[in-house]
Every structure is written in structure tokens, then in C-alpha cells.
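Colleague: Numbering (this note's numbering), first residue to last: 568 to 713.
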Amino acid sequence: MSHTAVAISRLGAIVTGKTPSTNNAAFFDGQYSFVTPSDLDWRTYYCRSTERTVTDSARQSYGSKFVPAKSVMVTCIGNTIGKCAISANDCLTNQQINTIVPGDGIDPLFVYYLLVHNTPLIRGVGLGGGAATPSLKTTLGEKWFT
């Protein structure tokens, strides 16, 4: 059996998160999860709850950054590079997380396990930059995620 390498972007759309302005209280304490790396758990594949939440106002202002349920999130900075989870609900992530929104016919569990299986590769790309804080820099992230 042979395998063919494909770009991650062929599995779905890639969305980089964004933190809403913390100067606007109307964006926080709402019904949508706001996912940060600390909300992702190495031991489970679904992210069902988060420490912080955002409102409809945040969704209206940052709509292009919201991801639907069953999207696959992966951390791209710090000691948690490569930590993955599947969103249980529509949510917003911060900028330390890139999310793959699986395309038609693509199983989110397949994408999740593909990323988990390749965690050493993902971490190697992030740790290889020589920066004090490991990260998948934009150019490396584009190579990895496109």
C-alpha cells in the first residue's frame, strides 16, 4: 500500500484565531466558547468547555474567525505546539491556534488523528526556529497548513 502526501489545506479551510478586544466587555461572558491553548487537553479529543466565553457581539465583529462544531484545532505556539482537539460547538479561538474546518466528505476524526500522529513533526517545525518561545511562524505555518 502506498501513501500520497497532500497539503493540509486540501482537507479543509484553515482559520487562524483572534482574541477579541479585551477593552470591550460586550465581547465576553457569552454563549460561545473562546478556546485558548490551556483549554485543549492532551487526554481527550473534544473541547466541550472553555475557561472563557464570548458573546453574539464578538461573533458579529469576528465572524470570519469563528469555526463550526467538528473543526480540528491545533496549537501553534509555546510548549503546547501540536496539542489538538475537535470543537464540540461553534467557537472562537485565539491567535495561538490554527483550525482546520474539514471539507465535504472529510472526517474530523481523521484530521485529528492525522495531526496527533504527526505531533513530533509539528513540534519539530515549531522548535526548530531558534526563538525563545517556540512557534510555527507565519511562513512556516503557511508551509505546514497550506
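The beta-carbon is built from N, C-alpha and C at its ideal position, and this holds for glycine as well.
Along the chain, where does the alpha helix (DSSP H) containing Phe677 start, and where does it finish?
Modeller: Counted from its first residue, the sequence shown places residue 677 at position 110. Element bounds for Phe677: 675-684.
Colleague: Quick check on DSSP: helix, strand or coil for Phe712?
Modeller: As a position in the sequence shown, residue 712 is number 145, starting the count at 1. Because Phe712 carries a pLDDT of 49, less than 50, the predicted location of this residue cannot be relied on, and the following value inherits that uncertainty. DSSP places Phe712 in helix when its eight states are reduced to three.
Colleague: Quick one: measure Cβ to Cβ for Tyr612 and Ile653, integer angstroms, because I've assumed they're closer than 8 Å.
Modeller: Locating residue 612 in the sequence shown gives position 45, counting from the first residue. Locating residue 653 in the sequence shown gives position 86, counting from the first residue. Confirmed, about 5 Å.
Colleague: Quick one: using the 10 Å Cβ neighbour count with 16 as the cut-off for buried, is Ser600 buried or exposed?
Modeller: The count along the sequence shown starts at 1 and reaches residue 600 at position 33. With 16 or more other Cβ atoms within 10 Å, it is buried.
Colleague: Can you round the beta-carbon distance between Ile664 and Val621 to whole angstroms, since I take them to be within the 8 Å contact cut?
Modeller: The residue you call residue 664 lines up with position 97 of the sequence shown. The residue you call residue 621 lines up with position 54 of the sequence shown. Actually they do not touch by this definition, with Cβ atoms about 14 Å apart.
Colleague: Trp609: which of Gln662, Asn646, Pro669 sits nearest, CA to CA?
Modeller: For the purposes of this step, residue 609 is taken as the residue at position 42 of the sequence shown. It is Asn646.
Colleague: Return the Cβ separation of Lys632 and Pro669 in integer angstroms, given the expectation that the two are a contact with Cβ distance under 8 Å.
Modeller: Here residue 632 refers to the residue found at position 65 of the sequence shown. Here residue 669 refers to the residue found at position 102 of the sequence shown. Actually they do not touch by this definition, with Cβ atoms about 17 Å apart.
Colleague: Throw me the rounded Cβ distance for the Ile689 and Ile644 pair, which I believe falls under 8 Å.
Modeller: The sequence position of residue 689 within the sequence shown is 122, counting from 1. The sequence position of residue 644 within the sequence shown is 77, counting from 1. The pair is not a contact, with the Cβ atoms about 12 Å apart (cut-off 8 Å).
Colleague: Since Arg619 is in the beta strand (DSSP E), which residue starts that stretch and which ends it?
Modeller: For the purposes of this step, residue 619 is taken as residue 52 along the sequence shown, with counting starting at 1. First-last of the beta strand (DSSP E) with Arg619: 619-621.
Colleague: How should Ala592 be labelled, buried or exposed, when 16 other C-beta atoms within 10 angstroms of its C-beta is the threshold for buried?
Modeller: Here residue 592 refers to the residue found at position 25 of the sequence shown. By the neighbour-count rule (16 or more Cβ atoms within 10 Å), Ala592 is not buried but exposed.
Colleague: Report all residues from its chain with a CB closer than 6 Å to the CB of Ala625; omit the five preceding and five following residues, and keep chain order.
Modeller: To locate residue 625, count along the sequence shown from 1; it is residue 58. Excluding sequence neighbours, Ala625 sits near Pro587, Phe594.
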